[in-house]
Amino acid sequence: MTWRALLREPLVQFLVLGLALFALHARVRPDPDANMRVDLARVEAARQGLGARLGHAPADAELAAALREALDDERMVREAVRLGLDRDDPIVRRRLIQKLRLAYESSADLDPADDAALLAQRDAEPQRYTAPARLALTQILAARGRHAEPEAAAREFARALEAGADPAGLGDPGPHARRLGLRPVADYAGMFGPEFAAALEGMPEGTWSIVQSKIGAHAVRVDARAPAELLPLAAARARLQADLAERRRAEAVRLALEDLRRADPADLRELPPDLAAALREHGL
């Protein structure tokens, strides 16, 4: 039988294919002893790292001790894994999961997105990238502790203001300015309390009203309102880039987990068929 005829035999083809796969596996599989190998590059890296920590060039004994410690750490990790000490420790499991998740996230494409992609993301979730309505106001404080009846004092201020008095000459000192520029109502809630902010919502512009706060009573006038508006790209760019990067990382993790589920499916054979089918629909 010629060698050409021999190569046409199915058994010979199977053996050749097996040998080729074995050779390929030997080439691409990770070297299990790579972490135990001490070569010149590793010695030099250890020398530089130890020198940076010590502040001087390490002696040979110091360098040898550092290398021995690193190798002993690797030996102990291997022995711990061999003994199964990593299997029942929730802290170790959590750390392994975190490291694998970070590895999946690092595979995501995190190059800055172009303007078209950013605008598409903004327009797909306009509520997320919309600046809230804002208002500007003037407030004159009748502080608690300085007036027997702060609300009555605030009403006196309001009457004087309606008659043309200068706001700068009325009221008690407080933690905030009398004139406050355009800002969201939520900011006013943080400054004066939620009761004060709630009173602003329906207040007409240009008229004086009495509003209670955590520090007293106020004569308040809404000077201007600005409606909610979709942020322009320049104002939203940093947030859009960060959000898109986070979505890409989450997508990388999702796809990796789908691959893992296919490669290592759950064993549902002991469950009732209906329950097993329902769980499979949810990707177990």
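Residue numbering for the sequence shown follows full-length UniProt numbering, beginning at 1 and increasing consecutively.
Glycine residues also receive a C-beta, built at the ideal position from the N, C-alpha and C atoms.
Residues bridged to residue i [DSSP beta-bridge criterion]
i: residue 345; result: Within the shown structure, residues of the chain are numbered from 1 to 284, placing residue 345 beyond reach of any answer.
i: V222; result: L137 and E205
i: L230; result: T130
Distance, residue j Cα to residue i Cα
i: A165; j: M203; result: 21 Å
i: A116; j: R262; result: 35 Å
i: G145; j: A245; result: 52 Å
i: E74; j: R68; result: 10 Å
i: R37; j: D114; result: 45 Å
i: A45; j: A52; result: 11 Å
i: A256; j: T130; result: 33 Å
i: G169; j: A148; result: 20 Å
i: D267; j: A277; result: 12 Å
i: P30; j: E270; result: At P30, the pLDDT of 46 sits below 50, so the modelled position is not reliable and the matter cannot be decided from this model.
i: I140; j: F157; result: 7 Å
i: A57; j: V43; result: 13 Å
i: L40; j: Q48; result: 12 Å
i: D264; j: N35; result: 28 Å
i: A226; j: E201; result: 13 Å
i: L284; j: D60; result: 55 Å
i: A152; j: L180; result: 23 Å
i: D172; j: F192; result: 15 Å
i: P273; j: A234; result: 55 Å
i: L63; j: A70; result: 11 Å
i: D111; j: L275; result: 43 Å
i: E281; j: Q241; result: 34 Å
i: A198; j: A250; result: 38 Å
i: Q121; j: E79; result: 49 Å
i: A163; j: A228; result: 33 Å
i: A238; j: D88; result: 42 Å
i: A236; j: E258; result: 33 Å
i: D86; j: L96; result: 10 Å
i: R82; j: R248; result: 36 Å
i: R94; j: G174; result: 51 Å
N- and C-terminal bounds of the beta strand (DSSP E) containing residue i
i: G84; result: Where G84 is concerned, there is no enclosing beta strand (DSSP E), given that its DSSP letter is neither H nor E.
i: R183; result: R179 to P184
C-beta atoms of residue i and residue j nearer than 7 Å
i: G216; j: P150; result: yes
i: A154; j: A142; result: yes
i: V211; j: V222; result: no
i: P167; j: T138; result: yes
i: A252; j: A108; result: yes
i: L50; j: A65; result: no
Whole-angstrom C-beta distance between residue j and residue i, which should lie under 8 Å
i: P132; j: L230; result: About 12 Å separates the two Cβ atoms, so there is no contact after all.
i: F196; j: S209; result: F196 to S209, Cβ: 11 Å. No contact.
i: L119; j: L182; result: Rounded, the Cβ-Cβ distance is 25 Å, inconsistent with contact.
Beta carbon proximity, residue i to chain B, threshold 7 Å
i: A163; result: Protein chains in the displayed structure number just one, and chain B is not present.
Terminal residues of the alpha helix (DSSP H) in which residue i lies
i: L170; result: Here L170 belongs to no alpha helix (DSSP H), and DSSP marks it neither H nor E.
i: L54; result: L40 to L54
i: L279; result: P273 to E281
i: P194; result: P194 to L200
i: A152; result: P150 to E162
i: residue 285; result: Past the edges of the chain, shown from 1 to 284, lies residue 285, and the structure says nothing about it.
i: P90; result: P90 to S106
i: L284; result: From DSSP, L284 is part of no alpha helix (DSSP H); its letter is neither H nor E.
i: R122; result: D115 to A124
Near the ligand MG: residue i beta-carbon under 6 Å from a heavy atom
i: H282; result: Here there are no bound small molecules, and the ligand MG is not part of this structure.
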